[in-house]
Amino acid sequence: PTTGDTPLVTADNEGAVEEAVAHLRAHGHRDIAFLAGPLDTGPVGRRRQVWQAAAGSRAVLLRSDYSRAAADALIRRLAAADTVPHALIAATDEQAIGLLSGACAAGLPVPGRVAVIGLDGTPDSAHTAPSLTVTGQPLESMARQAVDLLFDRAAPSLASRAALVRRRSCGCEEG
1 PTTGDTPLVT ADNEGAVEEA VAHLRAHGHR DIAFLAGPLD TGPVGRRRQV
51 WQAAAGSRAV LLRSDYSRAA ADALIRRLAA ADTVPHALIA ATDEQAIGLL
101 SGACAAGLPV PGRVAVIGLD GTPDSAHTAP SLTVTGQPLE SMARQAVDLL
151 FDRAAPSLAS RAALVRRRSC GCEEG
């Protein structure tokens, strides 16, 4: 991908979201909600678009700020109204961590009642309870590609494949 004529190195958001949706479907989830931010811009907006195409017409779009507190408050409101989706993909790990916290506070078992996947792979994701399933950003590969671009401006823009890191929040056994 490029931004105008500026080369860009990024993670493969399309593949990451498609893999997250497929993984939740493999766990038996059919209606997979997506927690987006307040605006659909940049990579997060692209993640939402790919989710919409992959999840289909029955999927529910939710919105909150990108903070843990906002996502926590959102899932508590959904729990109070008994409208919590059974599977959620959060546009960012910050939101996903907030979902875990709010679900716990509302008495919703994760993954028993709701499965959660985050789309960043931040270091904090391994230290939540339960541990957060994420699409890990291939930072080492992206850094290598960025350095290569610096030394060879003719190189194309590249998207590095993100890998799903399976943990407890989606229903997988940690391994």
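If you use full-length UniProt numbering, the sequence shown corresponds to residues 1 to 175, in order.
Heads up, the beta-carbon is just placed ideally off N, CA and C, and yes, glycines get one too.
Residue i classed as buried or exposed, judged by whether at least 16 other C-beta atoms fall within 10 angstroms
i	result
leucine 78	buried
histidine 23	buried
proline 38	exposed
proline 130	buried
alanine 154	Bear in mind that a pLDDT of 49 at alanine 154, under 50, signals an unreliable position, so the number given afterwards is only what the model happens to contain. So alanine 154 ends up on the exposed side.
aspartate 72	buried
alanine 87	buried
threonine 10	buried
leucine 99	buried
alanine 69	exposed
histidine 127	exposed
Closest residue to residue i among the options (Cα-Cα distance)
i	options	result
valine 116	Val84, Arg144 and Arg58	Val84
valine 110	Glu173, Ala55, Ala70 and Gln52	Glu173
leucine 35	Gln145, Asp152, Glu94 and Cys170	Glu94
leucine 119	Thr10, Leu8 and Val17	Val17
leucine 8	Gly107, Asp148 and Arg68	Asp148
arginine 76	Arg46, Arg167, Asp12 and Gly107	Gly107
serine 64	Ser57, Ala81 and Ala96	Ala96
arginine 168	Ala26, Thr133 and Asn13	Thr133
aspartate 12	Arg46, His27 and Asp40	Arg46
serine 125	His27, Met142 and Cys170	Cys170
Beta carbon of residue i nearer than 9 Å to that of residue j
i	j	result
glycine 121	valine 165	yes
isoleucine 32	valine 44	no
arginine 161	glycine 15	yes
alanine 163	threonine 135	yes
**Prompt:** What are the complete beta strand (DSSP E) segments, minimum 3 residues, inside the region 83–109?
**Reply:** 87–90
**Message:** For a minimum of 3 consecutive residues, which ranges assigned as the beta strand (DSSP E) are wholly contained in the region 13–82?
**Reply:** Runs of the beta strand (DSSP E) inside the region 13–82: 32–36 and 61–63.
**Given 8 Å, three or more beta-carbon pairs between the region 98–114 and the region 50–60** = When Cβ pairs closer than 8 Å are counted between the two stretches, the region 98–114 is seen not to touch the region 50–60, the count staying below three.
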